[in-house]
Each structure stands twice: as structure tokens, then as C-alpha cells.
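Enquirer: First residue of the sequence shown: 13, per this note's numbering; consecutive thereafter.
Submitted below is the structure of interest, expressed as C-alpha cells.
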Amino acid sequence: MMKTIAIIGALEKEVREVASAVDGAVTTQEAGLTVLAGTYHGARLVATTAGMGTVNAAAAAQHLISTYHPEALIFSGIAGGLNPVLHIGDIVIGERLRYLDTDTALLAESAPGLEEYTSTPALVDAAEALLTSRGYCNAAEQTAGPDSLQYLRGIIATGDRFVAGAEMRERAIEATHADCVEMEGAAIAHIAAKNGIDCLVMRAISDNCDEAYDALCTREFDLEEYAQRASNITLGIVRRVICGNEA
Numbered sequence: 013m014m015k016t017i018a019i020i021g022a023l024e025k026e027v028r029e030v031a032s033a034v035d036g037a038v039t040t041q042e043a044g045l046t047v048l049a050g051t052y053h054g055a056r057l058v059a060t061t062a063g064m065g066t067v068n069a070a071a072a073a074q075h076l077i078s079t080y081h082p083e084a085l086i087f088s089g090i091a092g093g094l095n096p097v098l099h100i101g102d103i104v105i106g107e108r109l110r111y112l113d114t115d116t117a118l119l120a121e122s123a124p125g126l127e128e129y130t131s132t133p134a135l136v137d138a139a140e141a142l143l144t145s146r147g148y149c150n151a152a153e154q155t156a157g158p159d160s161l162q163y164l165r166g167i168i169a170t171g172d173r174f175v176a177g178a179e180m181r182e183r184a185i186e187a188t189h190a191d192c193v194e195m196e197g198a199a200i201a202h203i204a205a206k207n208g209i210d211c212l213v214m215r216a217i218s219d220n221c222d223e224a225y226d227a228l229c230t231r232e233f234d235l236e237e238y239a240q241r242a243s244n245i246t247l248g249i250v251r252r253v254i255c256g257n258e259a
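Below you can see the structure in the form of C-alpha cells.
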């Protein structure tokens, strides 16, 4: 049976890049989502843009899981950096994902009974291998030069408010001890755990939580370039999952 992998993007541009890589791409409107489906290296890929926030992320993830029954779910997007060793453009592979503004003890009273979530270790390893092969340095080793691209197997915090300003940034660090903060990742990993499927959450650092959302949207952070890079990384990981390498 053909393996199915689901991809959820934070940006419509990312999903558009995936569409250009798959064979026989078909787009449908489902559950308030635009869903792309096609084949890639002998597997079926389904992809969508969830929209911002935990509810949108969870709804998109559950729809793709219930409708297409993927073996794995991969999510990528941008995040605000909390760890001072990270720079704009660096990648955080979400080994652990924590809610920022949620009573996690209450959440853990329901299945899957967890207060924090994880990306699947084999997918984390695949992401690390791919990034290393492309010249990314491990930020945990702090040996990279100032212009080097880095990655970190780290902690991603997820909340439903955009974190901007020193006070919110410090509260996020104190509450979660995370390396970056965003608005969807923990919800994606939560739904994957609820359904017992593999998942991977990755983030690229776009700012240091020192800008308002409107300012970030107008700043010279080239979203087109980022979308191409993020989708290319995601497809490279998919190839490793399917083929065992980046062939």
C-alpha cells in the first residue's frame, strides 16, 4: 500500500511550492481548507495551510488524519527566537513542544494524558541528518560563525497570542524554557499523539520576539525565499522517510 504523508504549512506559499514538486496535483476544498494531494517518490502527499492559532492547527491536523490516514504529519513555519544562540534563519527541530498559555494539567486529564508533546525521534533524526548534509551547524555546540546557518534540537512553545516585547518574551521563557515561540506546533503534536501517528514540527527563526506582528509582516524577511527553503527542507525529509536517504 502506498505510504501517505501529510504536510501542514504556516504559509500558503509553502504549500504552493510543494504543489510544484508533486505529480498529478489535485486541489480540493474540504472543511474550510484548501487541500492539495499528489504523488511524490512513490508516496502520496497531502498538504494544506492551517491558518494561525492552535484551533486552526488542530482542526487541520485532525481533518487530514481522519480523511487521508497518513503515517506521518510534518509541520513547518516561522517562530520568534527565545534562545540567544539562535539567529534569524536558523531552524529549531521541535524535539519537545509545550503550551505557553494553557493549563496543561487539565489537558492531561484527557487522552493522550500528556502535558507536553514530542516530535517522533526518527523524524527528528531525519531532519537533523538533512540539515547537516546541507551545511547547517548544530547550535548546541556553539561552534558556528556569525554568518553560518544553524539548527537546534530544542523546545518549541505554543500560545494563542503573538509574543512581542521584552515582558512577553521573558514570561514565555520563564513559563516554558523554550528555544522559540509560535502559535501552532504543540497543537499539531497534540493531535498526532491523540491519533497515534508520527509527527515532526520545525520552525525557522524570523525575529527575536521584539517586533509587533504588523512590523514583522512588512520587514525585509523574504517570505518567498523562506517558503521555498522551508518546503525544500520538508520535501528532503519526506524523501529520507520514503527512500531512506535524500535521493
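In this text, a Cβ means the ideal position worked out from N, Cα and C, and glycines have one as well.
1) Roughly how far, in whole angstroms, is the beta-carbon of A37 from the beta-carbon of L48, given that I think they are within contact range, below 8 Å?
2) Starting from the C-beta of G101, find all residues in its chain whose C-beta is less than 7 Å away, skip the five residues before and the five after it, and write them out in chain order.
3) So is A117 buried or exposed if we call it buried at 16+ other beta carbons inside 10 Å?
4) So what's G171 in DSSP terms, helix, strand or just coil?
5) In three-state terms, what does DSSP make of L89?
6) If we ignore side chains and look at the alpha-carbon of each, how far apart do G157 and H99 end up?
7) Using only alpha-carbon positions, find the residue among M14, G44, T51, L45 that is nearest to V30.
8) In this structure, how does DSSP classify M14 when only helix, strand and coil are distinguished?
9) Quick one: grab the DSSP three-state call for Y148.
10) Could you name the residues that DSSP lists as bridge partners for T116?
11) For A259, name the three-state secondary structure that DSSP assigns.
12) Where D35 and K15 are concerned, what is the direct C-alpha to C-alpha distance, given to the nearest angstrom?
13) Can you grab the Cα-Cα spacing for the pair C221 / E186, in whole Å?
Expert: Taking the coordinates as given:
1) Correct: roughly 6 Å between the Cβ atoms.
2) Same-chain partners within the cutoff: L161, A216, I217.
3) It counts as exposed.
4) For G171, the three-state secondary structure derived from DSSP is coil.
5) According to the sequence provided, residue 89 is Gly. The question's Leu does not apply to it. Shown here, G89 sits in a strand according to DSSP, grouped into three states.
6) Their Cα atoms are separated by approximately 11 Å.
7) Among M14, G44, T51, L45, the Cα nearest to that of V30 is on T51.
8) Assigned with DSSP and collapsed to three states, M14 falls in coil, not helix or strand.
9) Three-state result, Y148: coil.
10) T116 is bridged by DSSP to nothing; it lacks a bridge partner.
11) Low local confidence applies: a pLDDT of 44 at A259 is under 50, so the model's placement there is unreliable, with the coordinate-based value given in what follows. Here DSSP, grouped into helix, strand and coil, assigns A259 to coil.
12) Using only the alpha carbons, I get a separation of about 15 Å.
13) Rounded to the nearest angstrom, the two C-alpha atoms are 14 Å apart.
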